[in-house]
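See structure below.
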Amino acid sequence: MGHSAAAVWDSKAAMEITKDWKGIDHVVLRGPQGASARISFQGGQVISWRNDHGEELLFTSSKAIFKSPKSIRGGITICFPEFGNGGSLEQHGFARNKLWVVDDDPPPLPSNDSVGKSFVDLLLKPSEEDLKFWPHSFELRLRISLAPGGNLTLISRVRNINGKPFSFSFAYHTYLSVSDISEVRIEGLETLDYLDNLYHKERFTEQGDALTFESEVDRIYLNSPNVIAVLDHERKRTYVIRKEGLPDIVVWDPWEKKSKSMVNFGDEEYKQMVCVDAALVEKPITLKPGEEWTGLMEISAVPSSFCGENLWS
Ligand SMILES: O=P(O)(O)OC[C@H]1O[C@@H](O)[C@H](O)[C@@H](O)[C@@H]1O
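Position 261 of the sequence shown, counting from 1, maps to 261 under the numbering used here, and the rest follow consecutively.
Shown next, in the form of structure tokens:
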């Protein structure tokens with residue numbers, strides 16, 4: 001008697017730890033129909049996410065510099081404990097520049113989120129060096145899971161171990177691969193207030209039906225709905241981003257001039273990507289000793305024709 005591929009597929013076995021060409025460990029997650037995700041221990045960064053057809057869904061720059069301890073330009077980077085460059089630490093915090101480890105025995109998550117998925121748990125704890133710059137006892141846990149249908153979910157948990165209260169910001173800095181930025185529209189941000197990084201964080205209100213791109217965009221949309229959609233007309237693909245515990249959405253495309261100023265980014269690559277980050281930026285969270293915060297982002301990439309009127313219901 002034969003079994004279908006799905007019936008014999010074992011989600012526990014669909015996780016493999018391997019080394020990249022720099023000798024850094026990374027994890028490969030595989031779905032039953034061919035989808036995959038790669039996560040580097042360097043930064044806990046998702047460096048690839050492919051659908052069942054083997055198409056890459058995340059953008060990585062052809063000029064990305066693979067030199068530890070810096071994150072590479074692309075994929076999904078973890079921004080913690082700061083976002084942006086307004087704080088005392090390096091831009092977007094130190095988590096993305098650190099070496100993470102596998103978390104062998106993570107405390108259970110409240111929901112059964114990962115049942116039937118292939119997943120990995122990573123952990124970041126502060127080093128002596130980190131404590132000099134950010135003197136707070138924290139544990140940052142990250143579960144990354146790939147569902148049988150190819151959806152990618154990232155769940156982060158920050159715990160204050162026993163120190164004084166501390167505050168932090170957080171973002172999943174997500175480089176989506178698109179056919180051409182002029183073909184992209186983002187739905188779900190209309191009528192929201194945003195802080196414009198191009199105007200010293202001045203506050204504006206989104207006026208359009210949807211966000212489209214004709215020049216550089218660098219905005220923090222405040223208190224956004226928990227589901228937004230990024231439509232790529234040419235490729236007929238829609239990314240649906242669902243989030244919990246992360247009130248804001250950061251949208252970034254560097255456009256022509258800024259692209260030319262970045263060494264690890266091609267001059268024309270601003271056309272092939274858009275960053276849409278589920279984030280906690282405007283109102284940092286404060287954790288007292290023993291308290292924990294959870295932030296979730298789930299992305300699916302679906303053929304546009306599948307996204308009907310029911311997306312928001
Ligand atoms: O070059 P980095 O540090 O990865 O940051 C890229 C961009 O990240 C975005 O999310 C920020 O809003 C931009 O201001 C920033 O330029």
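Cβ coordinates follow ideal geometry from the N, Cα and C atoms, glycine included.
Could you check the C-alpha separation between residue 2 and residue 297 for me, to the nearest Å? Legend: pLDDT at residue 2 = 42, less than 50; position of this residue unreliable, no value from coordinates given.
Need the endpoints of the alpha helix (DSSP H) that residue 257 sits in, please. 255-261
Look at the Cβ atom of residue 267, then the Cβ atom of residue 258, and state whether they are nearer than 8 Å. no
Measuring only from the beta carbon, is residue 173 closer than 7 Å to any heavy atom that is part of ligand 1? yes
With 16 other CB atoms within 10 Å as the buried threshold, where does residue 11 fall? buried
Taking the alpha-carbon positions, what's the residue 107 to residue 98 distance? 22 Å
Does DSSP put residue 186 in a helix, in a strand, or in coil? strand
Any contact of the region 138-147 with the region 155-162, i.e. 3+ C-beta pairs under 8 Å? yes
Quick one: does the C-beta of residue 91 sit closer than 7 Å to a heavy atom of ligand 1? yes
Taking 8 Å as the threshold (C-beta atoms), are residue 301 and residue 89 in contact? no
Would you check if the region 203-215 and the region 161-177 touch, i.e. whether three or more CB-CB distances between them fall below 8 Å? no
Taking the alpha carbon of residue 105 as the reference point, which residue from 203, 113, 131, 120 has its own alpha carbon closest? 120
Could you tell me if residue 252 is buried or exposed, where buried requires 16 or more neighbouring beta carbons within 10 angstroms of its beta carbon? buried
Report, in whole angstroms, the separation of the C-beta atoms of residue 226 and residue 244, which I expect to be a contact under 8 Å. 6 Å
Just confirm the distance between the C-beta atoms of residue 228 and residue 241, as a whole number of angstroms; I'd bet it's less than 8 Å. 5 Å
I'd like to know if the region 269-282 and the region 162-174 are in contact, where contact means that at least 3 CB-CB pairs between them fall below 8 Å. yes
Provide the residue span of the beta strand (DSSP E) that contains residue 204, from first to last. 202-205
Could you name the residues of the same chain whose beta carbon sits closer than 6 Å to that of residue 137, not counting the 5 residues immediately before and after it, in chain order? 161, 162, 163
Can you give me the C-alpha to C-alpha distance between residue 187 and residue 248, rounded to a whole angstrom? 14 Å
In its own chain, which residues sit with a C-beta less than 7 Å from the C-beta of residue 50, not counting the 5 before and 5 after it? 35, 36, 56, 57
Closer than 7 Å: residue 197 CB and nearest ligand 3 heavy atom: This structure simply doesn't include ligand 3; it includes ligand 1 instead.
DSSP state of residue 349, grouped into three classes? As displayed, the chain neither begins before 1 nor continues past 313, which places residue 349 out of reach and without an answer.
In its own chain, which residues sit with a C-beta less than 6 Å from the C-beta of residue 173, not counting the 5 before and 5 after it? 77, 79, 277
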